[in-house]
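Notes follow once the structure below has been shown.
Residue numbers (this note's numbering): 71 to 178.
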């Protein structure tokens, strides 16, 4: 699925099943909540905190997909074409960071 297809799929679901988009501020709060859930799993599963029994069966991929879902909702609501935005962002990174990481002594 492309980013455009994902945006269209989310939009279709929202308009048929979800009734309407939550407002942008609500979706921003939801995005923060979902990112927090991803952070909790990563901190406990890959970091130094011990993983609680209740978190051991949480699906990191599913939580990441929740983040993507809300991000796509926000893009749709604000008229952002994620494909174009991502391509532009990659061009910026390729120009700005063409040697930055290769020359970073901390990464060697």
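Note that beta-carbon positions come from the ideal geometry of N, C-alpha and C, so glycine has one too.
Because the structure is a prediction, the values reported are computed rather than measured.
Who are the Cβ neighbours of residue i in its own chain at under 8 Å, not counting the five residues just before and after it?
i, result
"residue 130", "108, 111, 112, 115"
"residue 119", "113"
"residue 90", "84"
"residue 86", "none"
"residue 101", "137, 140, 141, 144"
Measure how close the beta-carbons of residue i and residue j come, nearest whole angstrom, since I'm counting them as under 8 Å.
i, j, result
"residue 80", "residue 150", "Contact doesn't hold; Cβ gap of about 13 Å is too wide."
"residue 97", "residue 138", "Contact flag wrong, Cβ pair sits at about 13 Å."
Counting only the same chain and skipping the five closest in sequence on each side, list residues whose C-beta sits under 7 Å from that of residue i.
i, result
"residue 73", "152, 153, 156"
"residue 76", "142"
"residue 121", "114, 115"
"residue 105", "137"
"residue 128", "111"
- Curious, which full-length alpha helix (DSSP H) runs of at least 4 residues does the segment 131-176 contain? 152-166, all fully within the segment 131-176.
- Task: Report the residue ranges of all alpha helix (DSSP H) runs contained in full by the segment 77-112; include only those spanning at least 4 residues, in chain order.
- Result: Taken in chain order, the complete alpha helix (DSSP H) segments of 4 or more residues contained in the segment 77-112 number zero; there are none.
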